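In the numbering used here, the protein residues as written are 44 to 179.
What follows is one structure encoded as structure tokens, with my remarks underneath.
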């Protein structure tokens with residue numbers, strides 16, 4: 044019985060040694076394939092990260108483009124409003140000599156005493172130039 048038990052232990056030890064050797068051999072044989080797989084997965088992860096980064100940049104550029112277009116549209120609308128306002132003001136002043144004279148006199152009186160020089164045209168259309176300034 045002792046010899047059966049010793050032979051069983053020897054057989055189990057042999058099986059364990061074969062399993063261990065097979066495991067080590069399998070690991071050694073499979074390790075290069077695993078490294079290739081791992082590198083491929085890292086490469087795919089890098090590519091996915093680069094594609095995502097590119098998509099973010101494209102979306103950011105599109106948002107800036109839309110913002111610039113909206114700003115340009117707003118500027119066009121504002122300029123059209125200013126042009127209409129100028130047309131209305133110009134039309135209202137076109138045949139309104141009395142109002143223009145009133146504005147002229149108001150500006151003259153506003154400038155009085157501030158040391159400003161205003162050149163007023165004469166009948167010949169030439170301004171009378173100041174030869175010397177009176178000091179007070």
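Virtual Cβ for every residue (Gly too), placed ideally from N, Cα, C.
Just so we're clear, the structure is a prediction, and the values are computed from it rather than from any experiment.
Could you give the DSSP three-state label for residue 159: helix, strand or coil? As a working note, residue 159 is residue 116 in the chain shown. The answer is coil: DSSP assigns residue 159 none of H, G, I, E or B.
Which of helix, strand or coil does DSSP assign to residue 167? Here the question's residue 167 lines up with position 124 in the chain shown. Residue 167 carries a coil assignment under DSSP once its states are collapsed to helix, strand and coil.
Is the separation between the beta-carbon of residue 142 and that of residue 136 shorter than 8 Å? The count along the chain shown starts at 1 and reaches residue 142 at position 99. The count along the chain shown starts at 1 and reaches residue 136 at position 93. Result yes, Cβ atoms of residue 142 and residue 136 sit closer than 8 Å.
DSSP state of residue 129, grouped into three classes? In the chain shown, the residue the question calls residue 129 occupies position 86. Looking at residue 129 - three-state DSSP - the assignment turns out to be helix.
Quick one: Cα of residue 77 to Cα of residue 96, how far? Reading the chain shown from its first residue, position 34 is the one you call residue 77. Reading the chain shown from its first residue, position 53 is the one you call residue 96. Approximately 28 Å between the Cα atoms of the pair.
CA-to-CA distance, residue 98 to residue 110, given in whole angstroms: For the purposes of this step, residue 110 is taken as the residue at position 67 of the chain shown. For the purposes of this step, residue 98 is taken as the residue at position 55 of the chain shown. Roughly 18 Å between the two C-alpha positions.
Alpha-carbon to alpha-carbon, residue 157 and residue 133: Looking up residue 133 in the chain shown gives position 90. Looking up residue 157 in the chain shown gives position 114. Distance from the CA of residue 133 to the CA of residue 157, rounded to the nearest whole angstrom, comes to 29 Å.
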